[in-house]
Amino acid sequence: MAQFEEVSQKSKLHPKPEGLTLQYGTAGFRTNAKHLDHIMFRMGLLATLRSKKTKSTIGVMVTASHNPEEDNGVKLIDPMGEMVTEVWEGYATQLANAEQDSLLKALKDVIEKEDISMSEPASVYVGKDTRPSSASLSQAVLDGVSSLGGKTHDYGLVTTPQLHYMVCCCNTNGCYGSPTVEGYYQKLSQAFLQLTQNAPNRTDDQKKLLVDGANGIGALKMREMEPFLRSELQVVLSNDGSSGKLNHLCGADYVKVQQKAPQGVCMATGERCCSFDGDADRIVYYYTDSKGRFHLLDGDKIATLISTYLKELLTQAGLNLQIAVVQTAYANGSSTRYLEDVMKVTVCCTKTGVKHLHHAAQEYDIGVYFEANGHGTVLFSKAAQKQILELVKDQNTNDERKRAVKILENTVNLINQTVGDAISDMLVIEAVLAIRGMSVQDWDAIYTDLPNRQLKVTVSDRRVINTTDAERKAVTPEGLQEAIDSLVKKYKNARSFVRPSGTEDVVRVYAEADTQESADNLAHEVSLAVYRLAGGVGDEPKPLH
Ligand code: 16G
Ligand code: MG
1 MAQFEEVSQK SKLHPKPEGL TLQYGTAGFR TNAKHLDHIM FRMGLLATLR SKKTKSTIGV
61 MVTASHNPEE DNGVKLIDPM GEMVTEVWEG YATQLANAEQ DSLLKALKDV IEKEDISMSE
121 PASVYVGKDT RPSSASLSQA VLDGVSSLGG KTHDYGLVTT PQLHYMVCCC NTNGCYGSPT
181 VEGYYQKLSQ AFLQLTQNAP NRTDDQKKLL VDGANGIGAL KMREMEPFLR SELQVVLSND
241 GSSGKLNHLC GADYVKVQQK APQGVCMATG ERCCSFDGDA DRIVYYYTDS KGRFHLLDGD
301 KIATLISTYL KELLTQAGLN LQIAVVQTAY ANGSSTRYLE DVMKVTVCCT KTGVKHLHHA
361 AQEYDIGVYF EANGHGTVLF SKAAQKQILE LVKDQNTNDE RKRAVKILEN TVNLINQTVG
421 DAISDMLVIE AVLAIRGMSV QDWDAIYTDL PNRQLKVTVS DRRVINTTDA ERKAVTPEGL
481 QEAIDSLVKK YKNARSFVRP SGTEDVVRVY AEADTQESAD NLAHEVSLAV YRLAGGVGDE
541 PKPLH
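For the sequence shown, UniProt numbering gives the first residue as 1, with consecutive numbering after it.
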């Protein structure tokens, strides 16, 4: 067929280095940019097939998120703005690893398995982050799509969540919003400005927020959005990409992992700051207190703030909707206890990786999901949105209910429900703090994090570790869980688990306890148990103190 002839010709311009194999990991392919040209071309092909199969527009985002600048990667976006399904992740891996002469066969395998009608039209939206390699790599995606006869829309530089938003807008025929960057700014800023009307007496100090853009796409887009916010948020932007290197000593991942402020941000005592990651789908907040101590407000604190606020609004509006918070095993034990015991909200725990949280959150009327690392959003079921809209229109409600439901409606519009979105999450947090008259310190004081420690152990094959109960228990190797259980018993308020990483060739160890010293000791002892029972390589883990 002529269609495949073109694929065959064009693919020669994007040759696969022989023997190179890559895996569609937790969040797409990600590695040094020089190994990715053929992957991008092939993901263009796959997105075209996915589009034909779903009869919808599909998104392809070229980014490696918080990885160093020399890396790159690609994420595929399904019709409603979700991440692509696991079956198609499998196809992505097969297509990526087919040697040059068997590419057509791999392609035809997918077509056959999925029974795809090749006469269907196809449409693919493409976006990229600010990495130097992103321009040519996104061109490779576009080549892939056009070689299979698909239509493309190249959005150029956008954040990952902006591209998710565009895909969802397109496939809902504009119901979710207008599929343009301008449409995104308008939808979010209108909702934000309406929300801040509920907090009319804010001072300029309260409106001020320091934003670390990680020298990435989030900084660029924040600049573009600023005029839409009409000074209701006064952003002081650092690491805006004008001089520094992407994600280098800055950004949400650096701040979360290092538990310290990024470089390049000039923060005064008590000032509210936040950091985006390299593709602006993660956010964390922080400040330093009068003793110079650094305070991090991570995804758990964000989930607590937002769910508390939503629960209060539901009560005021008299709406009977079930709200749940979805976390992973990494959620600080204090946050889980606070949510369950004080807030009395349902808490559910899933495996690490946004798609698992997203999926679980879809089960509730309102599902608030956040990973501790700052990736998360809120999902409102169709039925919940309908109830909110009906109540907004109801003439017979009293003023308190009317006000609450109007706030709920604007909050729904401010949230990017397709995926975690640093810009949208930031605006939600700013609105909540404004409406509730809270400072970042008040927010921080809702609960106190248990001291914790994360470590990595290198083993010869991390697949020997299998887990259950949302990764909180190890089923293999034999004896490991028993060892962890008896170590945990030695400490107060302690908890520990191990899991094989989905993005690095290591086993991750997490421990928390009543003091930092105990958390450090427990993490070390558990690392030793992993090293001894799961085939550790290299030197034995050393104590932290
Ligand atoms: C990816 C995931 C993130 C997860 C992390 C875990 C997405 C968009 N990103 O970055 O959610 O926390 O992997 O990494 O799904 P690990 O398996 O190496 O601990
Ligand atoms: Mg990211």
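Every residue, glycine too, gets a C-beta built ideally from N, C-alpha and C.
All figures in this text were calculated on a predicted structure; none of them were measured in a lab.
Exercise for review: Just tell me which of Gly177, Ala135, Tyr165, Cys349 has its CA closest to the CA of Leu157.
Suggested key: Checked all of Gly177, Ala135, Tyr165, Cys349; the closest Cα to Leu157 is Ala135.
Original post:
Considering only the beta carbon of each residue, do Val126 and Asp154 sit closer than 7 Å?
Top reply: Going by C-beta atoms, Val126 is nearer than 7 Å to Asp154.
Which residues in the same chain have their Cβ closer than 6 Å to the Cβ of Leu314, if we skip the five residues on either side of it in sequence?
Only residues of its own chain outside the window of five on either side were considered, and among them Leu321 have a CB closer than 6 Å to the CB of Leu314, listed in chain order.
- Query: In whole angstroms, what separates the C-alpha of Ile77 from that of Gly177?
  - Reply: Rounded to whole angstroms, Ile77 to Gly177 spans 17 Å at the Cα level.
Output the distance between the C-alpha atoms of Lys207 and Lys260, rounded to the nearest integer angstrom.
Lys207 and Lys260: Cα-Cα distance of roughly 23 Å.
beta-carbon Asp277 near the ligand MG non-hydrogen atom, thresh 6 Å:
In this structure, the C-beta of Asp277 approaches the ligand MG to less than 6 Å from one of its heavy atoms.
Nearest neighbour of Ser146, chosen from Gln9, Gly81, Asp101 [CA to CA] = Closest option to Ser146, judged by alpha-carbon separation, among Gln9, Gly81, Asp101: Gln9.
Bridge partners of Phe497, per DSSP?
For Phe497, which the question treats as bridged, DSSP gives the partners Tyr510.
| query | Taking 6 Å as the cut-off, is the CB of residue 554 close to at least one heavy atom of the ligand MG? | reply | What is shown of the chain runs 1 to 545, which leaves residue 554 out entirely.
**OP:** Might you give, ordered along the chain, the residues of its own chain that have their beta carbon closer than 8 Å to the beta carbon of Tyr338, omitting 5 neighbours on each side?
**Re:** Answer for Tyr338: Thr304, Ile446, Tyr447, listed in chain order.
Quiz item: According to the Cβ coordinates, are Asn332 and Leu246 closer than 7 Å?
Solution: Contact: no.
Notebook entry, point to check: What runs of the beta strand (DSSP E), each 3 residues or longer, lie entirely inside the region 166 to 248?
Noted result: Runs of the beta strand (DSSP E) inside the region 166 to 248: 208 to 212, 234 to 238.
Legend entry - Ile283 - partner residues in DSSP beta bridges: Looking at the DSSP assignment, Ile283 forms a beta bridge with Phe276.
How is the beta strand (DSSP E) around His527 delimited, first residue to last?
Strictly speaking, residue 527 in this sequence is Ser, with His absent from that position. Element bounds for Ser527: not the beta strand (DSSP E) but the alpha helix (DSSP H), 516 to 533.
What's the C-alpha gap between Met40 and Lys406?
Straight-line Cα distance between these residues: approximately 44 Å.
Quiz prompt | Bridge-paired residues (DSSP) for Leu297 | solution = As DSSP reads the structure, Leu297 sits in a beta bridge with Tyr285.
Integer-rounded CB distance, given that Asp129 should sit under 8 Å from Gly216: Contact flag correct, Cβ pair sits at about 6 Å.
Within its chain, find whatever has a CB closer than 6 Å to the CB of Met166; leave out the 5 residues flanking it on each side and keep chain order.
Closer than 6 Å at Cβ, skipping near neighbours: Tyr125, Pro179.
Legend entry - Contacting residues, own chain, Cβ-Cβ under 8 Å from Tyr24 (five flanking each side not counted): Closer than 8 Å at the Cβ level, and outside the excluded window around Tyr24, lie Glu89, Gly90, Ala92, Thr93, Ala96.
Quiz item: Any idea which residues DSSP pairs Phe29 with across the strands?
Solution: In the DSSP output, where bridge partners are listed per residue, Phe29 has Val74.
| message | With a threshold of 8 Å, are at least 3 pairs of Cβ atoms found where one atom belongs to the region 505 to 521 and the other to the region 433 to 442? | response | With the rule of 3 Cβ pairs closer than 8 Å, the region 505 to 521 does not count as touching the region 433 to 442.
Q. Mapping DSSP to helix, strand and coil, what is Val419?
A. If DSSP states are grouped into helix, strand and coil, Val419 belongs with coil.
DSSP-derived helix/strand/coil call for Val62:
Strand, per DSSP.
Count the other CB atoms, across all protein chains shown, that sit within 10 Å of the CB of Val342; report buried if there are 16 or more and exposed otherwise. Counting Cβ neighbours within 10 Å, Val342 comes out exposed, since fewer than 16 surround it.
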